[in-house]
Amino acid sequence: MRTAGFGSAILLHLLAFLLLLWLWAPVSPTARPEQRRLTLWKLPPPPPPPQPLLRPAEQRVPQPQPPPAQEIAGGSRGGSPAASLPAPQAVEPPPLPLVPMRPAAPAPIAAPSTGTGGSTGDANGSGAGATGTGSGSGDGTGVGNGRGGAEPAITVARWVRRPGFQELNPSIPSEVRKRGISGTAYLVCRVQRNKHLRNCSVLKETPAGSGFGAAALAASPKFRIYPPEVDGKPSDLAWVIVPIEYHFQK
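As numbered in the working numbering, residues 413 to 662 make up the sequence shown, in order.
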């Protein structure tokens with residue numbers, strides 16, 4: 413028994429020695445078995461767990477927030493919204509600008525109607541027109557020889573004596589006399605109580621530029637006209653229109 417056990421021990425040691433030699437012996441590349449390569453895969457992280465659903469009774473209902481308290485007079489806060497708002501104040505509309513009223517312009521004076529007259533000699537002129545009456549009223553003041561009062565209306569002259577050829581001929585333009593042009597001149601004058609004219613000026617002449625207005629103005633000191641009446645009395649402040657006609661025989 414001892415011999416068999418001893419032999420077994422030697423055999424085991426021999427096998428162990430051979431195994432060590434085999435492990436430490438160099439192995440050729442072709443003799444090595446093919447090594448397997450391991451491939452690593454990165455897996456995505458698992459999704460987060462779902463949140464637990466709330467039951468309808470457990471869902472939160474947002475509560476309305478109260479409006480911020482406004483400061484009222486005295487520095488205290490609180491109270492009803494109507495008490496914190498200022499009371500509306502009545503706003504007066506701005507005053508309208510005052511526009512000054514302009515007086516109406518006086519109506520233009522219409523040219524009086526004239527008649528015709530006969531001629532003597534080379535030239536003869538006469539004037540006639542429809543007469544009119546007018547009156548004015550009002551208070552006025554003034555300094556001078558005149559008297560205060562409203563301005564009488566303008567009337568057509570009433571002749572004491574119509575001007576004849578001797579009065580009109582010297583002032584007629586020679587060119588008009590040569591060409592035999594006929595026309596009319598209108599003067600506006602004041603009549604003194606002695607029937608003489610003053611403050612005369614040319615109102616109109618036809619044809620325009622004929623020179624009849626200047627001719628009539630030059631002969632006006634020789635005219636005699638009745639002064640117009642205001643309130644039944646002669647007035648030397650009233651204006652009259654004096655028409656003078658010129659006719660030439662061709």
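Ideal Cβ positions, reconstructed from N, Cα and C, are used throughout, including at glycine.
How many angstroms separate the CA atom of residue i from the CA atom of residue j?
| i | j | result |
| --- | --- | --- |
| Trp434 | Leu427 | 11 angstroms |
| Arg636 | Lys607 | 5 angstroms |
| Pro646 | Ala597 | 26 angstroms |
| Tyr638 | Trp571 | 6 angstroms |
| Ser632 | Leu609 | 7 angstroms |
| Asp643 | Gly592 | 44 angstroms |
| Leu431 | Lys454 | 41 angstroms |
| Arg602 | Arg574 | 17 angstroms |
| Lys634 | Pro582 | 12 angstroms |
| Gly576 | Phe660 | 13 angstroms |
| Leu423 | Pro456 | 57 angstroms |
| Val614 | Ala620 | 12 angstroms |
| Thr415 | His425 | 16 angstroms |
| Cys612 | Val600 | 6 angstroms |
| Pro459 | Phe429 | 57 angstroms |
| Glu657 | Arg605 | 25 angstroms |
Mapping the DSSP letters down to three states, classify residue i as helix, strand or coil.
| i | result |
| --- | --- |
| Gly625 | helix |
| Arg573 | strand |
| Ile653 | strand |
| Pro646 | strand |
| Leu424 | helix |
By Cβ distance below 7 angstroms, which residues in the same chain neighbour residue i in space, the five residues on each side in sequence not counted?
| i | result |
| --- | --- |
| Thr618 | Gly595, Thr596 |
| Glu579 | Ala631, Lys634 |
| Pro640 | Pro564, Thr567, Val603, Ser647, Ala650, Val652 |
| Gly623 | Pro585, Val588 |
Considering just the uninterrupted stretch of the beta strand (DSSP E) at residue i, what are its terminal residues?
| i | result |
| --- | --- |
| Lys616 | 609–618 |
| Arg591 | Where Arg591 is concerned, there is no enclosing beta strand (DSSP E), although the alpha helix (DSSP H) it sits in stretches over 586–591. |
| Arg636 | 636–638 |
| Ala597 | 595–603 |
Please return the same chain residues whose Cβ sits closer than 6 angstroms to the Cβ of residue i, not counting the five positions on each side in sequence.
| i | result |
| --- | --- |
| Ile584 | Ala627 |
Going along the chain, which residues of its own chain have a beta-carbon closer than 8 angstroms to the beta-carbon of residue i, five neighbours each way excluded?
| i | result |
| --- | --- |
| Pro461 | none |
| Ser420 | none |
Does residue i get closer than 8 angstroms to chain B when you measure Cβ to Cβ?
| i | result |
| --- | --- |
| Tyr658 | The chain labelled as chain B is not found in the depicted structure, where only one protein chain is given. |
Between the stretch 563–576 and the stretch 649–658, do at least 3 Cβ pairs fall closer than 8 angstroms? yes
Does the stretch 622–629 come close enough to the stretch 580–591 to have 3 or more Cβ pairs within less than 8 angstroms? Inter-segment contact for the stretch 622–629 and the stretch 580–591 is present: three or more beta-carbon pairs are separated by less than 8 angstroms.
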